[in-house]
Amino acid sequence: MGMRSRAVSRDRLYPLAYFGAVLRELMMFWRQRHTTLHVLIMQIFFTGVEAVATIALISLGIGAIIIVQGMAILPQFGAQDVMYTLLILIITRELGPLLTAFIVAARSGSAISTELGNMVVSHEVEAYVAVGINPVSYLAVPRVIGVTLSLLGLNIYFNIFGLVGSYGVVRLFQDLPLDEYVYNLATGLELWDLLAPVLKSVAFGMIIGTVSTYYGFQVKRAITEVPQKTIKAIGSSIVLCIIANAVITALSYTMRAG
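The opening residue of the sequence shown carries number -13 in this note's numbering; numbering runs sequentially from there.
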């Protein structure tokens, strides 16, 4: 019974130890960037560049829906001025970072976990260890950095399309002057509206990258383990991103209230 409890404790502590190893290797990344730069560039291209079209379509649709519905409903309650504050709150602070993280987790997180899992099964990771290359340093850290930078860029892209790009869609249904739209957005923006997406993007990127690589390395021998670990990686990433979002939001409101 004691041996079993110690094994369970090790299983619970191992993710924290892995996260610590990623942070340690992350600090030394720039010393060995010449060997991992190619992996980083390819990860940014796959996670960031190739997901731009999906992010643009979703952000345009959400921004347009919020504006159209707001212009139709809010004037009935004499609260039409709240529409822009609501648009900024939903897109920049909450929905934008979370939706972007969900897309990256489902798309890139699954790909990372699957790729590393296949490398474990084909003994490629063992080959790295045999020649003295740290798999965490060479395989995990560039992917964590690539996912984090890509998520930050995609979130900024989401905000631009959601706040400004959706104006073109709104013009198809409502006669809204551009200068009035931009002025109302600018007056509704606060400093936290600019800092929140940056902070959340970095946190979500670290979570998705670390969790995806962790579950990829968790594959043992059988190829049938790969899809199982991939599903766990996606689910864990989404849950942890939601928890991190709630914590950051709660802390921000507490600091602002204080």
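Backbone N, C-alpha and C fix where the C-beta goes; we use that ideal spot for every residue, glycine too.
Look at the beta carbons and you see the stretch 79 to 88 touching the stretch 172 to 187: at least three pairs across the two are nearer than 8 angstroms. The beta carbon of Ser152 is closer than 6 angstroms to those of Leu46, Gly49, Ala50 in its chain, skipping five residues each way along the sequence. Residue environment for Ile53: buried (at least 16 other C-beta atoms within 10 angstroms of its C-beta). Between the stretch 104 to 112 and the stretch 35 to 44, the count of C-beta pairs closer than 8 angstroms stays below three; the two stretches do not touch.
Across the structure, Met105 and Val133 are spaced so that their CA atoms are roughly 19 angstroms apart. Annotation for Leu135: Ile30, Gly34, Gly191 place their beta carbon closer than 8 angstroms to its own, counting only its chain and skipping 5 residues before and after.
Distance between Tyr167 and Gly56, taken at the CA atoms: about 13 angstroms. Secondary structure of Leu175 (DSSP, three-state): coil.
By the 16-neighbour rule on beta-carbons within 10 angstroms, Gly95 is buried. Here DSSP, grouped into helix, strand and coil, assigns Met14 to coil. Burial state of Gly118 is exposed, judged by a 10 Å Cβ sphere holding fewer than 16 other Cβ atoms. Rounded to whole angstroms, the gap between the alpha carbons of Ala116 and Val205 is 18 angstroms. Note on the stretch 0 to 60: whole alpha helix (DSSP H) runs with a minimum of 4 residues are 19 to 33, 38 to 59, in chain order. Taking a 10 Å sphere around the C-beta of Ile98, we find 16 or more other C-beta atoms and assign the residue as buried. Beta-carbon to beta-carbon, Phe5 and Thr196 are separated by about 6 angstroms, close enough to satisfy the 8 angstroms threshold. Contact annotation, Gly82 with Gly139: C-beta distance approximately 13 angstroms; criterion of less than 8 angstroms not satisfied. The straight-line gap separating the alpha-carbon atoms of Ala92 and Leu72 is approximately 27 angstroms. The residues Ile193, Val197, in chain order, have a CB closer than 7 angstroms to that of Leu226 in the same chain once the five nearest residues on each side in sequence are set aside. Counting only residues of its own chain and dropping the five nearest sequence neighbours on each side, Met69 has a CB closer than 6 angstroms to the CB of Gly56, Leu60. Closest option to Leu175, judged by alpha-carbon separation, among Arg10, Thr199, Val150: Val150.
Using a Cβ distance threshold of 8 angstroms, Val130 and Thr22 do not count as a contacting pair. For the set Ile44, Leu75, Pro1, the Cα lying nearest the Cα of Tyr239 is the one of Leu75. Note on geometry: alpha-carbon atoms of Tyr200 and Gly154 lie some 42 angstroms from one another. The alpha-carbon of Val122 is positioned some 51 angstroms away from that of Asp67. In the structure shown, Asn120 adopts coil according to DSSP, grouped into three states.
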